[in-house]
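> Below you'll find the structure I mean.
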Amino acid sequence: MEPLMSRALCLTVCLLVPAAAGAQQAAPAAISPQPAYATDSAAVHQVVTTLFDGMRTRDTAGMRALFHEPTAMRSAFIRQGTNTVSADGVEDWLQGVASAPDTLFLDERLGPPDIRVDGNLASMWVYYEFYAGDRFSHCGVDSIQLARTDGGWKIILVSDSRRRADCSQSLSKH
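Going by this note's numbering, the sequence shown opens with residue 930, and the numbers climb by one from there.
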């Protein structure tokens, strides 16, 4: 019985000594969160607001100036029961805006945004509802990534989801 107790005691000591030694070491410093970049958040919001104001007024030159090329554009949606991701370029989107009939008001209405900034990178996640004239088309979420450049905040990635179901259709008309 003595050898068994001796082994149990040895095992206990072997397990407790390293744990006690680790407890005496200082815990690693927590990663400090970035400060709230209120000014940057406002600037990021302004870039996105200017983008969709430009779409409403068909100011494609002004819209183009908001992008850092090359910018990827992706849309995720369900087409004929299949999960689909499409890829477009900024120029394709701008051509679509420019070629829409003048009588058709393109209105992407944005909800309250969630803006995150860390140094020179920012993202804006926002629910939207899209109307073509007075007709509701679809809703979803815009996820827009921006980078701080010498020329200010520029859009580097636009992703959106698109759906027709479960849309509140409650955002104010511009």
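Quick reminder that beta carbons are idealized off the backbone N, C-alpha and C, glycines included.
What beta strand (DSSP E) runs, 3 residues minimum, are completely inside the stretch 986-1066?
Correct list: 996-1008, 1011-1018, 1035-1039, 1043-1047 and 1050-1061.
> Taking 8 Å as the CB-CB limit, is Ala1027 close to chain B?
The chain inventory of the structure shown lacks chain B, comprising one protein chain alone.
> Can you tell me whether Val1014 is buried or exposed, with buried defined as 16 or more other CB within 10 angstroms of its CB?
For this step, residue 1014 is matched to residue 85 along the sequence shown. Exposed is the call here.
> I'd like to confirm the pairing. Which residues does DSSP put opposite Gly1069 in its beta bridges?
Counting from 1 along the sequence shown, the entry for residue 1069 is found at position 140. In DSSP, Gly1069 forms a bridge with Tyr1057.
> With 16 as the cutoff for other CB atoms within 10 Å, does Trp1054 come out buried or exposed?
Indexing the sequence shown from 1 puts residue 1054 at position 125. A residue is called buried once 16 or more other Cβ atoms fall within 10 Å of its Cβ, and Trp1054, having fewer, is exposed.
> Rounded to the nearest angstrom, what separates Ala1016 and Ser1088 at their Cα positions?
Taking the first residue of the sequence shown as 1, we reach residue 1016 at position 87. Taking the first residue of the sequence shown as 1, we reach residue 1088 at position 159. Distance between the alpha carbons of Ala1016 and Ser1088 is about 9 Å.
> Could you check what DSSP says for Ala1094 in three-state terms: helix, strand or coil?
By one-based count along the sequence shown, residue 1094 stands at place 165. It is coil, neither helix nor strand.
> Any idea if Pro1030 is buried or exposed, counting beta-carbon neighbours within 10 angstroms, 16 or more meaning buried?
As a working mapping, residue 1030 is identified with position 101 in the sequence shown. Pro1030 is exposed by the Cβ-count criterion.
> Report the option in Arg1038, Asp1071 and Gly983 whose CA atom is closest to the CA atom of Leu1100.
Here residue 1100 corresponds to residue number 171 of the sequence shown, with the count starting at 1. Answer by Cα proximity: Arg1038.
> Classify Ala1094 as buried or exposed, calling it buried when 16 or more other Cβ atoms lie within 10 Å of its own Cβ.
Residue numbering aside, residue 1094 sits at position 165 when the sequence shown is read from its first letter. When all chains shown are included, Ala1094 counts as exposed.
> Take the Cβ of Asp1071 as the centre, count every other Cβ of all protein chains shown within 10 Å, and call the residue buried at 16 or more, exposed below.
Mapped onto the sequence shown, residue 1071 falls at position 142. Classification of Asp1071: buried, given that the 10 Å Cβ count is 16 or more.
> Quick check on the burial criterion: 16 or more other C-beta atoms within 10 angstroms. Buried or exposed for Ala1051?
By 1-based counting over the sequence shown, the position of residue 1051 is 122. With 16 or more other Cβ atoms within 10 Å, it is buried.
> For Ile1007, does the count of other Cβ atoms within 10 angstroms reach 16, so buried, or fall short, so exposed?
On the sequence shown, residue 1007 is found 78 positions in, with the first residue counted as 1. With fewer than 16 Cβ atoms within 10 Å of its Cβ, Ile1007 is classed as exposed.
> Could you tell me whether the Cβ atoms of His1103 and Arg985 are closer together than 8 Å?
For the purposes of this step, residue 1103 is taken as residue 174 along the sequence shown, with counting starting at 1. For the purposes of this step, residue 985 is taken as residue 56 along the sequence shown, with counting starting at 1. In this structure, the beta-carbon distance from His1103 to Arg985 falls below 8 Å.
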